[in-house]
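Peer 1: Structure provided below as structure tokens; questions to follow.
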């Protein structure tokens, strides 16, 4: 059986997902596309999934009887509308992060999904599908290092463009850690603090860079994460778990150890797109398989909501310098 | 378009390939199977590719009009017969290593393929598809370390069963290096020497273990490889290229760095089956794609023949302690 | 010329220093000893520096005309008295850390030394003499990684005895980082915060363990240090400097990389005494040389005072959970 | 008690040894010097050991009643004469490598020492005093990796000057491995083979570079060592012991791990003089201590002789391409 998919949003990432779902993965085909730019949608369809319907609106795509499930890859502010429409139509929907641009909007999606009575929504947090994070989670789960007590993490980009400003270090960058670390230690956050570092001369336009975000979980685990988006030297994702009996680190990407020019070393990648590229395939294959089986196995609407609440708290913590509580509504039984 | 595949040999590795080609990869389906044990074949088909024909003989499978291409995963001595039959039928054939059990048999296959006039045969040397070896080959090709001058390699198994005897260190173990190192440096071998190490007390039944095989290439590159199949500590594959301007090593498999029990370290895998498991998928997807396009992109019958001649020379070098020349017929233009 | 040294305090560490100064190093000899336990002093002298005078009191030792310089290795509460007496006698004095048990006492020493008009006091912060920290400081000073922006550090002990309680994580453990990190980045601290981690089940008697101390410097550098004194796996000192253009880490102690028992790894030492053992020799040789030349090259009384003020602030930060300012008197020109 | 030392040869290395023995180490003083260039000797004495006698000849220095022990740091061809003279005078003598320039000369020294009836000669193989090799030897001795079976080594220099020609790769470079590896595995060599690698374009004047020397020991251990003196990237000494139960490597020199310019790596030193600089201090302190105690603890004349015989065999193996036996006279009981 083949899952017939409609893709809303045919920009760069939408096109990658179409290529993935229409040819590279098993069990899926793309039968419909839509974009706010109709010519872009048409061109993408011709190139990547010839024969797919090109719809005038996201709603029309969702209503298409040849669409079994929906992928939302349009820009953030449109996510809520399309996800709610898919839920209303009773169709499974994969929504790129963020689930919605505000915690309230995420909550509306959560409520709609619960009202619908069955799991339909998955959020595109692909790091959970990275082989390294999975190995690390297995180590933790095995009890080899005892209970996790502290996590030391870093999210470093070589540089960011001029339009990267304000709180994007939280909302665009740290948002990935927010989801994956919570999944890793299987615990919820209760507070956030942001500690400003000394500002790098490479930080443009008054951007705060670097800083440290400190999250605390319900059971008391403390997570410090360095956010440094102008570190110059490479795209570098670090995660060390300090447990009662030992420590465990996120594996470095496999690279060729070299000795050359007086240095024994290994290349660090510069392009973030390459770091988690394999995890997209795993994520979507997993989503296709689970969807065909009538399940949602990946990050849920609740996870999307939790990430939004946490992100809001971090932004406030950054603004105020205070320790800000992270308070969500009670977790509905629906998501257990 | 979907490639309809018949699989000869439904033992452990045959079943893995069926599962891969019938469900995991894109563009292929298994429509027929055969095994010397008909009940095994039937059981495998029911479990892994229900609906596939179960043929009485390899020849019948090859003649099946619903079979576009053949995979030979039966035991070594039967390879020659089935590969020649597939060539005679004009059907593409993927043959697990070895291509055949003697250099002469390999040569007959080479001649048959040339006589047929088009490339049909690929040999199952999966290491060429390993991400690590590919990175290493790219580094060499980029010129970053200059011309390769020396290679230091090791092939270590934690232990081998009692039926692993005689020259299997060459024919079963080193055979992988024979192919992949020749591909890595893009050069042919001209001589072989075997230097016996001090025998490990863990070596059973008079097995020589460890020893070093030294190969020399046409351009003068010297390759030393430690073969140690009772090293106890893990399955460990090493390859260092020493070039004019630097060195480059095969990447270690990505693992979780840990600190625990007074050791800072990383797990070494014990099971060789896990080390190159991803490369089988890449290998077969590549074969399916190339076959559908009418090409052979992977290791050819000529590579299988070259490996057989080299393996024979190593066995003789091991027996005599002498430096043994590696002499093949001239490479037919067909394989350029 | 030989420096004739009197050692006050002949316990474990006092005896190590006697052995070092009387035989292992060049240019020094131990001519007098004293201890609160006179028999211990006599036994130590007999064993380690036969012929040395055994004095009834620290003051008598200081007054001995055969003593050119004094080493104070008695217990902490006696340090102030002996250091002040040495200053009064105009004799150079090396005082094991802490310089004194309160910031006020340290300040009295600072004032006495200034009043005396010439540098006489060195404090026993031996990490500044560790080869690894020195390499790291050189890298920073070279500008290779740009301005330091953040430091991530850890001070881990496998376990602590039952008498290790209360704030000793600050006063006995973190005190080393307080001095060496300030020296490393050549900057003063302005505030401290302590973030409690999840408590390890291995922490005895209600000890808080682990936690993170966050120091901020005048120029804005943020330093987070994990203090974890029951980490089980080893004595482990980490320091990473994140600069504008790159990162640099404290070197790991050189150890033999091994592959054994399914692990590729290196031993972590369990005994903290071994980690900085070489630095004691360097520290005392440097002190002997500088003292003979009439200088103080190592950590000064001012550094001891600064460490005491910082330690007090950390203790308060731990108690209150607040960000506590670190306020010292203005640095006297005497110490520039 | 202080050992009064006469140093023959006040070139670069002689001056280093004078500085070491006259001020840096404990228990020694340099009381006399001599050099073929009398003005050089005088200048060195003035600068490094003012007051020392400057002798007209090595013999005069040896006969000086204020000289208890002799260090020979003159050029190689003069070693035999001075060592024999010291033996004749009954004075302990430390001779820089080589002990003498031919195996026959070494044998004459061995015979003279035995005839004299007590151990007097130590040869300057400083690698035995390197902390890394010592750790490695301890690991082997502890039995942790079982019996050594194979050793994989490398001796790499970034480049060599134009006057480095012919067999200097053996006589000047590999000579260090010859001694230290024999000491490491506590076994004698029985044969040598040299395998020429592909010649680097950086090798000047027809120098063979790189090549592999294969030594076999009495108990069957095989040792392969890459000699590559134009490797460009750094001075790089490698040694891996493959034992029955695991592997152990020579530690890398401690360096600062850095991330910078897209590389995660560590500096490799370019200057060979820095690599074993600490071991000279340990070596001479050990020699002073043992000499004062009437012993020879370090490499003996027999070790110097064994190294010379091995070096000769390697040179022949390089010339002939054959496996050359290493045959020495029987080891005299004197050296057990």
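Protein chains in written order, with the numbering used here: chain A, 257 to 592; chain B, 257 to 592; chain C, 257 to 592; chain D, 257 to 592. For each residue, glycine too, the CB sits at the ideal point set by N, CA and C. A quick note: this is a predicted structure, and the numbers were derived from the prediction, not measured.
1) Applying the 10 Å Cβ sphere with the 16-neighbour rule, what's the burial state of residue 574(C)?
2) Taking Cβ-Cβ distances below 9 Å as the criterion, which residues of the segment 360-391 of chain C are in contact with chain B?
3) Which residues in chain C sit within 8 Å of residue 395(D), going by Cβ to Cβ distance?
4) Using three-state DSSP, classify residue 492(A) as helix, strand or coil.
5) Compare the C-alpha of residue 424(D) against each of 379(D), 483(D), 260(D), 374(D) and name the closest.
6) Closer than 7 Å to a non-hydrogen atom of the ligand PLP - does that hold for the CB of residue 407(B)?
7) Rank 406(A), 289(A), 333(A) by C-alpha distance to the C-alpha of residue 475(A) and give the top, closest one.
8) Between residue 332(B) and residue 583(D), what straight-line distance do the alpha-carbon atoms span, to the nearest angstrom?
9) Which first and last residues belong to the alpha helix (DSSP H) in which residue 391(B) is found?
10) Cβ of residue 524(C) within 8 Å of Cβ of residue 519(B)?
11) Any contact between the segment 390-397 of chain C and the segment 260-278 of chain D? By contact I mean 3 or more CB pairs, one from each, below 8 Å.
12) With C-beta atoms as the reference, is residue 477(C) less than 8 Å away from residue 451(C)?
13) Anything in chain A within Cβ reach of residue 400(C), meaning under 8 Å, just list it in chain order.
14) Are residue 436(D) and residue 383(D) close, meaning C-beta to C-beta below 8 Å?
15) For a cutoff of 8 Å on Cβ pairs, would you count residue 503(C) as touching chain D?
16) Given a cut-off of 8 Å, decide if residue 286(D) and residue 266(D) are closer than it, judged by their beta-carbon atoms.
17) Of all the options 494(B), 485(B), 498(B), 480(B), which has the alpha carbon lying nearest to the alpha carbon of residue 487(D)?
18) Can you tell me the Cα-Cα spacing of residue 344(B) and residue 556(B), whole angstroms?
19) Quick one: residues in its chain with C-beta nearer than 7 Å to the C-beta of residue 414(B), no 5 flanking neighbours on either side, listed in chain order?
20) Please work out which residues of its chain come closer than 8 Å, Cβ to Cβ, to residue 259(B), disregarding the five sequence neighbours upstream and downstream, and give them in chain order.
21) Terminal residues of the continuous beta strand (DSSP E) containing residue 338(B)?
22) Taking beta-carbon pairs under 9 Å, can you tell me which members of the segment 478-490 of chain A lie near chain D?
23) Taking Cβ positions only, does residue 527(B) come closer than 8 Å to chain C?
24) Check whether the segment 557-565 of chain C and the segment 576-590 of chain C touch, using three or more Cβ-Cβ pairs below 8 Å as the test.
25) Examine chain B for any beta-carbon lying closer than 8 Å to the beta-carbon of residue 404(A), and answer yes or no.
26) According to DSSP, is residue 306(B) helix, strand or coil?
27) Quick one: which unbroken alpha helix (DSSP H) runs of 4-plus residues sit fully inside the segment 393-449 of chain A? Chain order, please.
28) Report the residue from 352(B), 340(B), 495(B) whose alpha carbon sits nearest the alpha carbon of residue 372(B).
29) Using a Cβ-Cβ cutoff of 7 Å, what residues of the segment 272-296 of chain A are near chain B? List them in chain order.
30) With DSSP as the reference, label residue 277(C) as helix, strand or coil.
31) Below 8 Å between beta carbons: does that hold for residue 262(C) and residue 317(C)?
32) Out of curiosity, what's the CA-to-CA distance linking residue 295(D) and residue 342(D)?
33) I'd like the span of the beta strand (DSSP E) that includes residue 548(A), first residue to last.
34) Output needed for residue 513(C): all residues of its chain with C-beta closer than 8 Å, excluding positions within five of it in sequence on either side, in chain order.
35) Measure from the alpha carbon of residue 592(D) to the alpha carbon of each residue in 535(D), 370(D), 504(D), 472(D), then state which is nearest.
36) Mind checking whether residue 502(C) and residue 516(D) have CB atoms under 8 Å apart?
Peer 2: So, from the data block:
1) buried
2) none
3) 512, 514
4) strand
5) 483(D)
6) Judged by which ligands are present, the structure shown has none, so any question about the ligand PLP falls away.
7) 406(A)
8) 47 Å
9) 387-398
10) yes
11) no
12) no
13) Here the premise fails: no neighbours, minimum Cβ distance about 11 Å.
14) yes
15) yes
16) no
17) 498(B)
18) 17 Å
19) 487, 488, 489, 490, 491, 526
20) 283, 284, 285, 324, 325, 544, 547, 548
21) From DSSP, residue 338(B) is part of no beta strand (DSSP E) but of the alpha helix (DSSP H) over 335-344.
22) 487, 488, 489, 490
23) no
24) yes
25) no
26) coil
27) 431-441
28) 340(B)
29) 279, 280, 282
30) helix
31) yes
32) 24 Å
33) Where residue 548(A) is concerned, there is no enclosing beta strand (DSSP E), although the alpha helix (DSSP H) it sits in stretches over 533-548.
34) 520, 521, 522
35) 370(D)
36) yes
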